[in-house]
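**Q** Take a look at the following structure, please.
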Amino acid sequence: MRYSGFKVIKEALTGHKGWTQAWRDPEPQAQYDIVIIGGGGHGLATAHYLASVYGERRVAVIEKGWIGGGNVGRNTTIIRSNYLLDGNEPFYEFSLKLWEGLEQDLNYNAMVSQRGIMNLIHSDAQRDAFIRRGNAMILNGADAELLSEAQIRLEYPFLNFDDARFPIKGGLAQRRGGTVRHDAVAWGYARAADSRGVDIIQNCEVIGFRIEDGTCLGVETSKGFIGAGRVGCAVAGNSSRLMAKAGMRLPIESHVLQAFVSEGLKPVLPGVITFGAGHFYVSQSDKGGLVFGGDIDGYNSYAQRGNLPVVEDVCEGGMAIMPMIGRARLLRMWGGIMDMSMDGSPIIDRTHIDGLYFNGGWCYGGFKATPASGYAFAHLLARDEPHETATAYRFDRFRTGHMIDEKGMGNQPNLH
Amino acid sequence: MIINHPLLGPRDSAEFVYLGAATLMDRPDPDTATAEEWHDYGYLRDNPAGPHRELWFHEGGDRSILIVTRNTTTHEITAVELARTVGART
Ligand SMILES: Cc1cc2nc3c(=O)[nH]c(=O)nc-3n(C[C@H](O)[C@H](O)[C@H](O)COP(=O)(O)OP(=O)(O)OC[C@H]3O[C@@H](n4cnc5c(N)ncnc54)[C@H](O)[C@@H]3O)c2cc1C
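Going line by line, the protein sequences match chains H and U. Take the first sequence: its letter number 166 is residue 166 in our numbering, and every next letter is one higher. Take the second sequence: its letter number 67 is residue 483 in our numbering, and every next letter is one higher.
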């Protein structure tokens, strides 16, 4: 069933009796060509592109809970392609382009809103760094705009420009960045993949791999063995736990990141803004809540809830750049488990086991990557070679010294 | 989280800097280690869900490094040792 304005009017006039289920709830078959583990954004996007671009017909996505219950439904929904390094920027720009055509491709309203993102500048050194970043973006076909303090005052008059410690001196804007309704991304990809015959199997946990003579033959699940020609793992924060079942240790630590939403307010914040002197980012959802966050808690965690020191730190960041946020009441807060890699960049690669492929290490920035990650992972699974935008995301970069370390922090995952 | 420092008693975890898994204390022998051993030491982690031995540096306190055994699914801390005592034993 296709969704359209015409369909909405027709259903409104006929008592909404014609809406059907958005995707099926199938039992697993004994064998698939490709099994994707993890029904988050990346797993579902992979399935969609496998079916729609690479013509794969026998594909299943296996999810231990319900689709969208992981990070894809827990993030602060910011999309952008404002990276510096060559290994990253073409990939994230490819992703942003896919976001721009996503809703037509999926026939689903994911509320992609290119309201713009603005990184604030507080010092001369930071301006130099942002000019360099903006130029790298432009060289890779992305958009970037350096704004003066006066220009920002017109758009965001309420910011704390004249703060004694961190005055606002300008900003780097990416107008094509913005926000997307996160759950709708999971649902839209699921519906599109399902319509092309992909089986989405929920409440089915992968508990092991069947590996014989160095080849992966399928997965052991809570619903029994499922055979597969190729297996793709995309389980984000649970990457180390899952791959340990294949005997692998990963260059990843799992950390908790918290997010916060205020009560609904009238429109106050037109785009996404980030504080350059601390770690704080905020946007306003279409329902009116201020959606904001900051740093990860900083210690290994699988708890999906954080602790108070980071709450205090995030709120201090908010008060530092937009003091009026102190008048809003906090409505909800939660945590998600991040797959923090050793250089802050992801991995989309084969493993040393034939037929077993891995996608992970997304840190706290994997939502914006969802379309390109799915596309590149589908390419790898279908063709057994990396997609042209993802050639740097290899396991062996830590052996060969080709780290993609945007922040230059080294192998300390909680600093990325 | 409250970390029960062996010398100073209960301290707020915010006084500490988290350094990572306690396996970082088992550094390969620089004279004999292979490149592969350095790679595994520097970049691979067990990252378990459950009890985890990890290093916390008391930067805002006595500057000692502690080995904290903490459950990563509940944040419950079950043991705290001074890294230098453990290091001296091994
Ligand atoms: C608070 C917060 C804020 C964030 N903000 C942003 C942001 O503003 N911008 C941005 O780009 N990114 C952001 N991120 C990061 C982003 O959400 C993640 O990097 C991304 O969603 C991870 O990919 P995913 O959607 O596939 O993960 P998930 O949705 O977590 O999918 C993984 C799935 O695998 C399933 N699974 C795990 N183990 C198994 C198993 N053994 N068997 C079967 N299934 C299994 C899980 O149940 C889960 O559904 C944020 C994350 C958090 C938590």
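Virtual Cβ for every residue (Gly too), placed ideally from N, Cα, C. Predicted, not measured: the structure shown is a model, and the values here were computed from it.
Measure the C-alpha to C-alpha separation of H:Ser283 and H:Thr351 and round it to an integer number of angstroms.
**A** 38 Å
**Q** 8 Å is my cut-off, CB to CB: does U:Asp445 come that close to chain H?
**A** no
**Q** Could you tell me whether the stretch 139–151 of chain H touches the stretch 164–184 of chain H, where touching means 3 or more Cβ pairs closer than 8 Å?
**A** yes
**Q** Return no unless some Cβ of chain U is closer than 8 Å to the Cβ of H:Arg241.
**A** yes
**Q** When the distance is taken between beta carbons, is H:Val256 closer than 8 Å to H:Gly306?
**A** yes
**Q** Helix, strand or coil: which one does DSSP assign to H:Tyr189?
**A** Residue state, collapsed to three classes: helix.
**Q** Which same chain residues, not among the five before or five after H:Leu269, have their C-beta less than 6 Å away from its C-beta?
**A** Excluding positions up to five away in sequence, the list reads Gln284.
**Q** For H:Met403, which residues from the same chain have a beta carbon less than 7 Å from its beta carbon, with the 5 sequence-adjacent residues on both sides left out?
**A** Asp343, Arg397
**Q** Using the Cα positions of H:Phe209 and H:Gly232, report the straight-line distance between them to the nearest angstrom.
**A** 11 Å
**Q** Per the DSSP calculation, H:Leu356 is bridged to which residue(s)?
**A** H:Val231
**Q** What are the start and end residues of each continuous alpha helix (DSSP H) run of 4 or more residues lying completely inside the stretch 323–388 of chain H, in chain order?
**A** 370–383
**Q** If we require 4 or more residues per run, which alpha helix (DSSP H) segments fall completely within the stretch 20–58 of chain H?
**A** 41–52
**Q** Hey, does H:Leu250 have any beta-carbon neighbour from chain U nearer than 8 Å?
**A** yes
**Q** Could you check whether H:Ser345 and H:Tyr393 sit closer than 8 Å to each other, using their CB atoms as the reference points?
**A** If you check the CB distance, H:Tyr393 and H:Ser345 come in under 8 Å.
**Q** Of the residues that make up the stretch 334–358 of chain H, which ones have a beta carbon closer than 8 Å to any beta carbon in chain U?
**A** Met342
**Q** Nearest to H:Ala228 by CA position, among H:His16, H:Val35, H:Ile252, is which residue?
**A** H:Val35
**Q** Given a cut-off of 8 Å on the beta-carbon distance, is the pair H:Ala51 and H:Tyr32 in contact?
**A** no
**Q** Name, please, each residue of chain U whose Cβ falls closer than 8 Å to the Cβ of H:Ala303.
**A** Thr488, Thr489, Thr490, His491
**Q** Please confirm if H:Phe394 has its CB atom under 8 Å from at least one CB of chain U.
**A** It is worth fixing the name first, because residue 394 of chain H is Arg in this sequence and not Phe. Not closer than 8 Å to any Cβ of chain U, the Cβ of H:Arg394 fails to qualify, so no.
**Q** Restricting to Cα atoms, I'd like to know which of H:Ser254, H:Gly247, H:Phe225, H:Arg230 is closest to H:Asn238.
**A** It is H:Ser254 whose Cα lies nearest to the Cα of H:Asn238.
**Q** Show which residues of chain H have a CB atom less than 7 Å away from the CB atom of U:Gly458.
**A** Asn411
**Q** Does any residue of chain H bring its CB to less than 8 Å from the CB of U:Met441?
**A** no
**Q** Residues in the stretch 21–45 of chain H with C-beta within 8 Å of chain U's C-beta atoms, listed in sequence order?
**A** Interface annotation for the stretch 21–45 of chain H against chain U: empty, criterion Cβ-Cβ distance under 8 Å.
**Q** On a CA-only basis, which of U:Val496, U:Gly477, U:Glu492, U:Arg486 is nearest U:Ala430? Give me that one, please.
**A** For U:Ala430, the nearest C-alpha among the options comes from U:Gly477.
**Q** Exposed or buried, what is H:Trp66 when buried is set at 16 or more other beta-carbons lying within 10 Å of its beta-carbon?
**A** exposed
**Q** Ligand 1 and U:Glu475: does any heavy atom of the ligand fall closer than 7 Å to the residue's C-beta?
**A** Between ligand 1 and U:Glu475, a heavy atom-to-CB distance of less than 7 Å is absent.
**Q** Span of the beta strand (DSSP E) holding H:Gly401?
**A** Looking at the DSSP string, H:Gly401 is not in any beta strand (DSSP E), and its letter there is neither H nor E.
**Q** Hey, how far is the Cα of H:Ile121 from the Cα of H:Met409?
**A** 21 Å
**Q** Quick one, which of U:Met441, U:Glu475, U:Phe473, U:Thr494 has its alpha-carbon nearest U:Gly466's?
**A** U:Thr494
**Q** Any idea what DSSP makes of H:Asp199, helix, strand or coil?
**A** strand
**Q** Can you round the beta-carbon distance between H:Gly271 and H:Met118 to whole angstroms, since I take them to be within the 8 Å contact cut?
**A** 6 Å
**Q** Quick check on this structure: which residue in H:Asn300, H:Thr274, H:Gly264, H:Arg181 has the alpha carbon closest to the alpha carbon of H:Gly288?
**A** H:Gly264
**Q** Nearest CA to the CA of H:Met248: which residue from U:Asp462, U:Ala499, U:Val496, U:Arg500?
**A** U:Asp462
**Q** Can you find a heavy atom of ligand 1 that lies under 7 Å from the Cβ of H:Lys64?
**A** yes
**Q** Measure from the alpha carbon of H:Asp213 to the alpha carbon of each residue in H:Gly355, H:Glu93, H:Val198, then state which is nearest.
**A** H:Gly355
**Q** Is H:Met338 a contact residue of ligand 1, with contact defined as CB to any heavy atom under 7 Å?
**A** Yes, the Cβ of H:Met338 comes within 7 Å of a heavy atom of ligand 1.
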